[in-house]
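In this note's numbering, the protein residues as written are 2 to 917. Using N, Cα and C, we set each Cβ at its ideal position, and we do this for glycine too. Owing to the predicted nature of the structure, the values given are computational and were not obtained by experimental measurement. Worksheet: the structure to be examined is printed underneath.
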Amino acid sequence: MQFLPPEDAPKGLEGMNYLYTRVRLAWYYRPSDVSDRPVADPRLLLAAIYSEVCDINQLRAKCHVVHRDKISDLSGWKKRPDRFYFNRLFDPYIKKEFEVIPSHDVRNLPDHIRDVLISRYEYVVAEKEVIPDLTDTIRLCDTCQVWCPSADSVRCDRCKKYFHMKCVQPPLIAKPSRGYGWTCAPCSRKHEEQVDSHELRHATPVQVKIKSNAPAARGRGRPRKDKSLAEKEENLPVKHFNMWPFRYFGQHTVAEDTLDPEDLIFPRTASRVGPKYQANVPLDPQPFNPPPDMEERGLDNTVEVLGIFSNLTESELAEAEEIKDRLTKDPKIRSSVDWLTEVVKKLSEAIMEGTMSSVKLTPMHQEKWKKYETPVTDKEWNREEVVAFEDAIQQHGAELRAVRDEVVSRSMPEVVRFYGHWKAEKLGEETRRRKAAGPPAKPVRLQYKTPAEANDGQRVGHADDESSIIAQPSKTPSCGACRTRESKMWWKAPKGLPTNILCDNCGTNWRKYADLNVRPLREESVPTTKTREKREGTPLAGPSTKRPRTSISAQSTPPPVITIAPQNRCLGCQRTGPPGKVLKCKQCQFRVHAGSCGAVLDSTTDAWVCELCENEETLEASINPDCLLCPRSAPEDRRKKPWPPADNFLRACKPTESQGWVHVLCAVFTPELSFTDPSRLRLVEGVNTVVRHKWTTRCCLCGETEGAAIRCSDCIKEFHPSCAWKQGHKFGFEIQPVKSSRRDTTITVNFKGETGCMNAIVSCKDHDHSKRDIYDICETNEGGETALQVYCRSYKQAPVGQAHALLRKARRLDTILSLRNDVQFGGSTTYYHHLPMIIPTEPEPVCRRCHSQFSPAFYRIPSAAAKGENALPGLEGFEGDWMCHQCKFTWSESLNTAAASPAAAPVVSAPSPMVM
2 MQFLPPEDAP KGLEGMNYLY TRVRLAWYYR PSDVSDRPVA DPRLLLAAIY SEVCDINQLR
62 AKCHVVHRDK ISDLSGWKKR PDRFYFNRLF DPYIKKEFEV IPSHDVRNLP DHIRDVLISR
122 YEYVVAEKEV IPDLTDTIRL CDTCQVWCPS ADSVRCDRCK KYFHMKCVQP PLIAKPSRGY
182 GWTCAPCSRK HEEQVDSHEL RHATPVQVKI KSNAPAARGR GRPRKDKSLA EKEENLPVKH
242 FNMWPFRYFG QHTVAEDTLD PEDLIFPRTA SRVGPKYQAN VPLDPQPFNP PPDMEERGLD
302 NTVEVLGIFS NLTESELAEA EEIKDRLTKD PKIRSSVDWL TEVVKKLSEA IMEGTMSSVK
362 LTPMHQEKWK KYETPVTDKE WNREEVVAFE DAIQQHGAEL RAVRDEVVSR SMPEVVRFYG
422 HWKAEKLGEE TRRRKAAGPP AKPVRLQYKT PAEANDGQRV GHADDESSII AQPSKTPSCG
482 ACRTRESKMW WKAPKGLPTN ILCDNCGTNW RKYADLNVRP LREESVPTTK TREKREGTPL
542 AGPSTKRPRT SISAQSTPPP VITIAPQNRC LGCQRTGPPG KVLKCKQCQF RVHAGSCGAV
602 LDSTTDAWVC ELCENEETLE ASINPDCLLC PRSAPEDRRK KPWPPADNFL RACKPTESQG
662 WVHVLCAVFT PELSFTDPSR LRLVEGVNTV VRHKWTTRCC LCGETEGAAI RCSDCIKEFH
722 PSCAWKQGHK FGFEIQPVKS SRRDTTITVN FKGETGCMNA IVSCKDHDHS KRDIYDICET
782 NEGGETALQV YCRSYKQAPV GQAHALLRKA RRLDTILSLR NDVQFGGSTT YYHHLPMIIP
842 TEPEPVCRRC HSQFSPAFYR IPSAAAKGEN ALPGLEGFEG DWMCHQCKFT WSESLNTAAA
902 SPAAAPVVSA PSPMVM
């Protein structure tokens, strides 16, 4: 719009000697930025009567924005780079869109008003419903032959003539209601005569197409390729008045105001004045007679003086300042707004009464408009109140009414005032810490290059682009739009794409046009030096139409469509995703990736409930949600609702085989634990198999010896998984290659192109992880599986095919307790009751003693030669056969009885067959 000198330059002619350092820019909006409606045309903009002054160094490039009516070949216009167009205007203050038409199309105006409008402005801004009235021929009153504005005129429904409402006899007070017509007096009289003569016949109404004076619609023929015409359209002159090419001329405009050059050009709306917005209260029939002792409002004796320091002399001000210094020496109180207000009020009253030397500041003051006294300063908060306040803030946030319920010893005004001081103090501490420590250094692989480094020393674009250029993308970079793997420069991609980077072509296309559908641009001729200087930083020519294909998927797979669905932020990886991938509990608002908590959706995502909230209704597991592998929670923590907190990934818990609970992190990163169903991460087995050393180790983070600790993958530090997560340690999975000789005995997985043995990694913050490929727990592969799902499916599957859950638990208990009954016969010690349990391969094994075919487990009776001993007592002749679980139990009890009483012979009777 205009170039400006520096802001501190003098006004007038002297300021013209300064170099231009600022520029005033007119704003244009993209339709998708001001509404939720998707727009298919990325070159369509919305104009605005809004400008902003910025530094001239912030200019990146030059583009062409013209009205739609100025373009004869729209298809060709959109194929050229940096070309935009508009046909509507958006007002950012009243949040409404208006139509924009050329000013010479406005015909329903008197000549002197229309000439001024056309001479000053190129376009007219109006509401959509007003455009037909403006583009119609001039409407004159049939009575006085003067122009009829739409707001003050009516139209006869029969003769189609216009009349001023004041020219009608009798004059019309208001227009007919919607749906009703109006006829003039001659037409009404003629109609009555026809009705009285009984010659009126109602013909079938024929709908007449209303003639419109709007310009004819353009055809959709083949686009022209007249380059000279396109260049001429770019340089068409546009009239500006006070730097703007358009003004508002809609239904809330008085036409005569256009003649005033100082009239506001901004869009307007209806004023909220009238019976629709104000109440019409009738006058009281009986006048109010105030009592004689009632003071009249507005006089000096009814006005409360808050301060008269503006009327004091210098000596009086010095005396008042001396009295104020004597009231207190505490600097904290002297800077309090409430205390200063009270001092000003007391001193003003003392000056007016002449008792300035005897001023005493009372700790309380009661204003006339308050029902209770307000303290000048609040009583100091003790530590218990501060702790209760901070706990309530952590649980309820800024909901101070809920915080007031937790801090019962304080009133609501005190809580509000303390919240302001507390928040300012926290922000001050954070600011001082950042100034002292400086910004944290990013790893080399995550740093961004400057534009000069990214373009081999050639400065392209602007300094604002520095944060969008990615220096070192991943090992296998892939554009999120066209899927190409080759590019000289990589840009950050918007959310919702398969990858987080864009190639140079798609990145430039997205930043300019907010469009990921790459279209071939019309080839331009080689620009001259003058043109190249004008268009610095802008591509002078689009890519060739014969551009070689960089990947097969670039042509076969269409670019993804960016969705405007709401995004949820996962508490495990702090990345956002659509509701189908990142679930949100409808009760506690816990948010997590579906793959990292084993959620299987059978209905809509809005009805998902986390397992802890679901257990409150079903009570299938314990109502105590504390993790069995972590230290016990404090009583004050358990009183928080919900517990565990919903703003932490540690709320992701899974039930165990004993109806307890274990964190997902503890279950996955503790080697001894396994899952019955790894796809859903249920049920957790093997808590009792965790080695004793882990239960007695002191955590290096919390100092507790409760719970089971794990060791850092890179050092000897030991800690609880939950403590490591709270401290920000690295959790992930690393794939290590496997030798060819060990591939038959090692479980290998394939994740994101890497094949090998996947290991669960928990590493402290003291180690450098930038040179290692550690996959996050929520990182997904091409199939949509997270790294946590792949690891659990491959390495955390419980042996459900060998025995049922109760028997697996019994075996683990037997291993722990090491129950061995020593039975002595003839001085030799043997373990008769421990027979090897074997999963039978026979289709229907039968117990040799009771002939039963039903048992939770069968045991093979070894032969004496296999044991190197004599035959087993009570089982002579049964060698090599099967024994059911019941018979094995009976036989073991008989041996125990014989061991306790050597005189008693082992008598084993065959039990009756038991059907299970």
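- By the Cβ test, the region 620-637 is in contact with the region 710-723, since at least three Cβ pairs between them sit closer than 8 Å.
- Annotation: the region 90-158 contains the following complete segments of the alpha helix (DSSP H) (minimum length 4 residues), in chain order: 112-121, 132-136.
- Counting along the chain, Gln-737 sits inside the beta strand (DSSP E) bounded by residues 731-737.
- Listed in chain order, the non-local C-beta contacts of Tyr-124 below 7 Å within the same chain comprise His-68, Val-101, Ile-102, Pro-103, Ser-104, Pro-246, Phe-247, local neighbours out to five positions each way being set aside.
- Listed as beta-bridge partners of Trp-883 by DSSP are Cys-848, Arg-861.
- Secondary structure of Arg-693 (DSSP, three-state): helix.
- Contact annotation: Gly-596 and Gln-790 have beta-carbon atoms nearer than 8 Å.
- Apart from sequence neighbours up to five positions away, the residues of its chain that approach Cys-574 with a beta-carbon distance below 6 Å are Asp-777, Cys-779, ordered along the chain.
- When the alpha-carbon of Cys-611 is set against those of Leu-674, Lys-582, Ala-647, the nearest one is in Ala-647.
- In its chain, beyond the 5 residues on either side, Phe-859, Trp-883 have a beta carbon closer than 6 Å to the beta carbon of Pro-846.
- In this structure the region 789-803 touches the region 672-683; the number of beta carbon pairs closer than 8 Å is three or more.
- One alpha carbon belongs to Leu-307, the other to Asp-34, and they sit about 48 Å apart.
- Around the Cβ of Cys-716, a 10 Å sphere holds fewer than 16 other Cβ atoms; the residue is exposed.
- Tyr-514: member of the alpha helix (DSSP H) spanning 505-514, first to last residue.
- For the region 8-42, the full-length alpha helix (DSSP H) segments reaching 4 residues or more read 32-35 along the chain.
- Non-local C-beta neighbours of Gly-182 in its own chain, meaning closer than 8 Å and more than five positions away in sequence, comprise Asp-158, ordered along the chain.
- Under the Cβ criterion (8 Å, minimum of three pairs), the region 77-86 counts as touching the region 37-53.
- CA-CA distance, Met-353 to Lys-333, rounds to 29 Å.
- For Ser-349, the enclosing alpha helix (DSSP H) starts and ends at 338-354.
- With a threshold of 16 other beta carbon atoms within 10 Å, Leu-14 falls short and is exposed.
- Using a 10 angstroms sphere on the CB of Trp-696, the tally of other CB atoms stays under 16, which defines it as exposed.
- The Cβ-Cβ distance between Ser-469 and Cys-480 does not fall below 8 Å.
- For Cys-614, the enclosing alpha helix (DSSP H) stretches over residues 612-619.
- Between the region 641-657 and the region 585-596, the count of Cβ pairs shorter than 8 Å is three or higher; the stretches touch.
- The beta carbon of Glu-53 sits closer than 8 Å to the beta carbons of Arg-25, Leu-26, Trp-28 from its chain, once the five residues preceding and following it are set aside; these are given in chain order.
- The secondary-structure analysis by DSSP pairs Val-67 across a beta bridge with Tyr-86.
- Contiguous alpha helix (DSSP H) elements confined to the region 379-442 occur at 384-397, 401-407, 413-438, taking only those with 4 or more residues.
- With distances taken between CA atoms, Asn-689 lies nearest to Leu-814 out of Pro-268, Leu-814, Leu-47.
- Counting along the chain, the unbroken beta strand (DSSP E) around Gly-757 starts and ends at 755-764.
- In the DSSP assignment, Pro-286 falls outside any alpha helix (DSSP H) and carries neither an H nor an E.
- Collapsing the DSSP output to three states places Ala-48 in a strand.
- The three-state reading of DSSP puts Arg-639 in helix, counting H, G and I together.
- Judged by their CB atoms, Ser-623 and Gln-568 are not nearer to each other than the 8 Å cut-off.
- Cβ contact annotation for Glu-894 (same chain, cutoff 8 Å, sequence separation greater than five): none.
- Relative to the Cα of Phe-91, the nearest Cα in the group Trp-662, Phe-267, Arg-108 belongs to Phe-267.
- Residue state for Tyr-278 is assigned as coil, using DSSP reduced to three classes.
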